[in-house]
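J.: In this text, residue positions in the sequence shown follow numbering that gives the first Met the number 0: the first is 0, and each later residue adds one.
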Amino acid sequence: MKYFLLLLLGVLGCSMSPVFVRYSTAPSMVLVIYRMGITMLLLAPAAWRCRKEFLALPKKSLLLCGASGVLLGIHFATYFESVKNTSIAASSVLCNMSVLFVPLLSVLLLRKKLSAGAWLSILLAFAGAVVVSLSGAGGGEGTALWGNVLALLSAVFIAGYTLIGSVCRKSVSTTVYTYIVYAACVVVLLLTCAL
């Protein structure tokens with residue numbers, strides 16, 4: 000029962016996030032920095048307990064975790080900005096296209112094989128996303144298309160984050176991986192804001 004409640008809480012949190020982003024008066028980049036920065040601070044005690052693993056981490060693993068964090072930061076930046084420019088529904092649908100980009104990138108980068116049915120599913124889902132993207136539903140002032148493009152880009156970035164994570168998690172613990180990813184994410188976001 001407790002797992003069901005945790006799952007319900009997670010679903011509610013993910014579902015309400017774009018609503019809070021849309022109706023917030025703060026710039027989207029500020030929201031992302033607070034979200035990731037606070038999460039990083041909350042994770043710090045657990046990360047401190049894993050400090051020996053941090054010190055023993057190979058350079059390649061550290062760089063891969065950092066690259067994953069860069070992609071996560073760009074994902075959040077593009078997704079939050081998309082919510083401000085298009086409808087919440089369009090932004091969410093297009094961002095969730097990542098489930099299609101993950102297998103595509105797996106084929107291209109990791110040399111995975113996909114069945115004909117998988118390819119057909121990817122094409123159908125992509126066609127549906129194009130229809131949603133071009134429907135014009137969303138934020139006012141002619142910004143819906145821009146918001147849709149940002150949401151689709153956020154899907155590509157989160158797919159890259161997922162793929163790199165699948166490689167890193169074979170040798171890095173969840174806590175260490177997550178902390179490095181969030182730290183890299185915050186650094187990228189702060190640099191973006193500074194620019």
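Backbone N, C-alpha and C define an ideal beta-carbon position, used for all residues, glycine too.
Given 8 Å as the limit, is there contact between the region 76-84 and the region 144-156, that is, 3 or more CB pairs closer than that?
T.: With the cut-off at 8 Å, the region 76-84 and the region 144-156 touch.
J.: How far does the alpha helix (DSSP H) with Val101 in it extend, from its first residue to its last?
T.: Numbered from 1 along the sequence shown, position 102 holds the residue referred to as residue 101. Taken as a continuous stretch (DSSP letters only), the alpha helix (DSSP H) holding Val101 covers 97-109.
J.: To the nearest angstrom, how far is it from the Cα of Lys1 to the Cα of Pro57?
T.: Locating residue 1 in the sequence shown gives position 2, counting from the first residue. Locating residue 57 in the sequence shown gives position 58, counting from the first residue. Near 37 Å, if we compare the C-alpha coordinates of Pro57 and Lys1.
J.: Can you tell me whether Pro26 is helix, strand or coil according to DSSP?
T.: Reading the sequence shown from its first residue, position 27 is the one you call residue 26. It is coil, neither helix nor strand.
J.: For Leu185, name the three-state secondary structure that DSSP assigns.
T.: Stepping through the sequence shown from its first residue, residue 185 is reached at position 186. Inspection of the sequence shows that residue 185 is occupied by Val rather than by Leu. In this structure, Val185 counts as helix in the three-state DSSP scheme.
J.: Could you tell me the alpha carbon to alpha carbon distance between Ser60 and Val171, rounded to whole angstroms?
T.: On the sequence shown, position 61 is the one that residue 60 refers to. On the sequence shown, position 172 is the one that residue 171 refers to. In a straight line, the C-alpha of Ser60 is about 8 Å away from that of Val171.
J.: Classify Ser114 as buried or exposed, calling it buried when 16 or more other Cβ atoms lie within 10 Å of its own Cβ.
T.: Numbered from its first residue, the sequence shown carries residue 114 at position 115. Per the 10 Å Cβ criterion, exposed.
J.: Exposed or buried, which one is Arg34 when buried takes at least 16 other CB atoms within 10 Å?
T.: Here the question's residue 34 lines up with position 35 in the sequence shown. Counting Cβ neighbours within 10 Å, Arg34 comes out buried, since at least 16 surround it.
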